[in-house]
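2 protein chains.
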Amino acid sequence: MPDPKPPIALRAADCPPRRRPSVYPPGVFARHAAALAGREKRPLGEHFGLTRFGVNLTRLAPGAISALRHAHARQDEFIYVLAGTPTLVTDAGETLLEPGMCAGFAAGSGDAHQLINRSAADVLYLEVGDRTPGDRVTYPDDDLAAEITDAGWRFTRADGTAY
Amino acid sequence: MPDPKPPIALRAADCPPRRRPSVYPPGVFARHAAALAGREKRPLGEHFGLTRFGVNLTRLAPGAISALRHAHARQDEFIYVLAGTPTLVTDAGETLLEPGMCAGFAAGSGDAHQLINRSAADVLYLEVGDRTPGDRVTYPDDDLAAEITDAGWRFTRADGTAY
């Protein structure tokens with residue numbers, strides 16, 4: 121939530137991490153719990169009252185993943201690596217990234233993506249995603265789909281049936 | 121423009137700088153030409169086909185400015201400092217930033233902002249801005265206003281009359 125009077129600037133690393141570790145259904149979360157436990161997201165944009173897009177400073181401990189591999193129907197995503205060497209997984213396979221590298225995931229491309237930290241050191245990156253309404257997310261490696269609703273993300277099995 | 125087949129990832133510093141130095145009217149540009157000449161923007165998101173928001177890797181040489189001080193009516197902006205010590209100018213005055221610091225400029229706040237590199241070393245930062253239609257920009261320190269049209273930005277004097 122924006123402060124009544126937003127700050128002029130912030131040290132990103134001082135912004136509090138998101139408390140909720142994941143919005144995945146419990147059964148799905150349980151299968152990836154160890155990899156998701158090493159993921160720490162610090163939302164940055166909301167401190168300034170930004171609503172059009174979100175920006176997170178995200179840290180992946182060794183072994184951690186950014187998310188389940190997924191593709192957005194309507195929202196663009198972008199990442200910029202600040203430290204460490206994450207492995208980007210897409211339909212094309214694995215690509216090792218390093219600081220100063222960036223990648224973008226266009227809405228509707230159908231190509232699902234995920235970052236995995238296969239290294240022994242922390243990975244730190246910025247991630248940007250917009251807030252276009254009516255987004256849907258597909259997860260080709262899991263029996264999972266999601267759509268955004270007024271109440272937040274609603275998850276189903278890939279075929280649309282309830283968990 | 122997106123490639124027919126977008127790259128998986130890019131080194132941001134290898135992306136080509138934007139050729140057009142500025143869209144300001146010639147008379148306004150001339151008054152700030154020296155400070156704008158030291159600004160180099162490398163668009164990143166478009167290489168991946170992103171359309172919902174833009175991301176630039178921007179370098180400010182000593183003495184350079186990010187833009188004329190301005191405020192957006194409908195588009196959010198966000199910056200993250202990668203290197204150097206830019207000075208952020210807002211209605212509240214000047215704030216010295218350093219690497220790892222970020223700032224956001226919410227649509228419609230009315231608080232105009234600008235980065236100035238008052239140091240002797242280059243400044244490098246990421247800037248994100250969304251593409252919400254119908255944006256208008258005000259420039260409190262210059263006799264200038266702008267609105268986005270289908271043909272691009274249309275600049276007028278602050279009172280709306282033509283240059």
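The listed protein sequences derive, respectively, from chains V and U.
First residue of the first sequence: 121, per this note's numbering; consecutive thereafter.
First residue of the second sequence: 121, per this note's numbering; consecutive thereafter.
Backbone N, C-alpha and C fix where the C-beta goes; we use that ideal spot for every residue, glycine too.
query, result
"Spell out whether any CB of chain V is found under 9 Å from the CB atom of residue 179(U).", "no"
"Between residue 152(U) and chain V, is the shortest Cβ-Cβ distance under 9 Å, so that the two count as touching?", "no"
"Using three-state DSSP, classify residue 247(U) as helix, strand or coil.", "strand"
"Mind checking who residue 190(U) pairs with in its DSSP beta bridge?", "233(U)"
"Looking only at its chain, what residues have a beta carbon closer than 6 Å to the beta carbon of residue 250(U), apart from the 5 residues adjacent to it on each side?", "173, 195, 196"
"Let me make sure I understand the geometry here. Which of 137(V), 209(V), 168(V) has the alpha-carbon closest to that of residue 191(V)?", "209(V)"
"Does residue 125(U) pass the burial test, meaning 16 or more other C-beta atoms within 10 Å, or should it be called exposed?", "exposed"
"Let me confirm a value: residue 182(V) is counted as buried when at least 16 other C-beta atoms fall within 10 Å, else exposed. Which label applies?", "exposed"
"Within 10 angstroms of its Cβ, does residue 247(V) collect 16 or more other Cβ (buried), or is it exposed?", "buried"
"So, for residue 135(U): in the same chain, excluding its five sequence neighbours on each side, which residues have a beta-carbon less than 8 Å away from its beta-carbon?", "162, 163, 164, 167, 177"
"How would you list, in chain order, the residues of chain U whose beta-carbon sits under 9 Å from the beta-carbon of residue 236(V)?", "Simply none; closest approach about 14 Å."
"Starting from residue 163(U), follow the alpha helix (DSSP H) in both directions and report where the run begins and ends.", "No alpha helix (DSSP H) holds residue 163(U); the beta strand (DSSP E) holding it covers 159 to 163."
"Is it the case that the segment 201 to 208 of chain V contacts the segment 149 to 160 of chain V, given that we only count it when at least three CB pairs across the two stretches are under 8 Å?", "no"
"Kindly identify the DSSP beta-bridge partner or partners of residue 259(U).", "264(U)"
"The beta strand (DSSP E) that contains residue 213(V), what's its start and end?", "213 to 216"
"State buried or exposed for residue 311(V), treating a residue as buried only when at least 16 other CB atoms are found within 10 Å of its CB.", "Because residue 311(V) is not part of the residues shown, which for chain V are 121 to 283, the question remains open."
"Which residue comes first and which comes last in the alpha helix (DSSP H) that contains residue 151(U)?", "146 to 151"
"Could you tell me whether any Cβ in chain V is nearer than 9 Å to the Cβ of residue 220(U)?", "yes"
"State yes or no: is the beta carbon of residue 230(V) nearer than 9 Å to at least one beta carbon in chain U?", "no"
"Per DSSP, what kind of secondary structure is residue 241(V) in: helix, strand or coil?", "coil"
"Run through chain V and tell me which residues come within less than 8 Å of residue 172(U), C-beta to C-beta.", "173, 195, 196, 227, 250, 252"
"Ordered along the chain, which non-local residues of its own chain (more than five positions away) have a Cβ less than 7 Å from that of residue 216(U)?", "205, 207"
"What are the boundary residues of the beta strand (DSSP E) that residue 175(U) is part of?", "173 to 180"
"How would you write the range of the beta strand (DSSP E) that residue 224(U) sits in, first residue to last?", "221 to 225"
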